[in-house]
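Each residue of the sequence shown is one higher than the last, beginning at -10 in my numbering.
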Amino acid sequence: MTTLRYLNGYPDHLLQQVRTLIDRQQLGSWLNQRYPDGHDVISDRALYDYTQELKSRYLRTAPPISKVCYDSKINVLQHALGLHTSISRIQGGKLKNKKEIRIAALFRKAPMAFLRVIVVHELAHLRERDHNKAFYQLCLHMEPHYHQLEFDMRLYLTHQELLTGSAV
């Protein structure tokens, strides 16, 4: 039986449907049919621009972001697909607080919907630190299909793991 590490906590009936797709070797084709489009947000600059566009549309009053980049050191085994950091530095006589967002490099080649869900998730952390009700409401404000996309992204990670034989 396949271990579904990325789907912990989901109901058994959903997990059984996923196992059926895996057993029939149809998970990849199902994902390709549902998410056929890639994206051209492959450089760090393009990712920064994309993130800033979403931020300016939904989070105008949130603190500015100084850096957004793909990071090949982020791996899913550490239960991270993206990271948000806040760095405080003293410059002159002032304390400067810089916000950074790092996205796992595997999303360079993932469908656009999955990149969007990760960026939305990390942007929501600009306002809400914890994964609480307000956090998920903010995610849904930026992406109305957030929960479905997050589940499908977890299916994508499961499929990638099956292809490579190891966690992505």
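All C-beta atoms in this analysis are idealised placements derived from N, C-alpha and C, irrespective of residue type, glycine included. The model shown is predicted, which means the values in this text are computed figures rather than measured ones.
Report yes or no: do the stretch -9 to 4 and the stretch 16 to 24 share at least 3 C-beta pairs separated by less than 8 Å?
no
DSSP beta-bridge partners for A93?
D60
Measure the C-alpha to C-alpha separation of S61 and L151 and round it to an integer number of angstroms.
20 Å
How many angstroms separate the CA atom of L66 from the CA atom of T50?
The pLDDT assigned to L66 is 46, lower than 50, so where the model puts this residue is not dependable; a value taken from the coordinates is nonetheless given after this. Their backbone Cα atoms lie some 33 Å apart in a straight line.
Reduced DSSP secondary structure (H/G/I, E/B, other) of L66
In this prediction, L66 scores a pLDDT of 46, lower than 50, which makes its location untrustworthy; no coordinate-derived value is stated.
The ligand SAH heavy atom lying under 8 Å from the CB of Y37:
Ligands displayed in this structure: none; no statement on the ligand SAH is therefore possible.
Cβ atoms of L129 and V106: under 9 Å apart, would you say?
no
What does DSSP give as the partner residues of I54 in its beta bridges?
K88
At the level of alpha carbons, what is the spacing between D141 and L10?
13 Å
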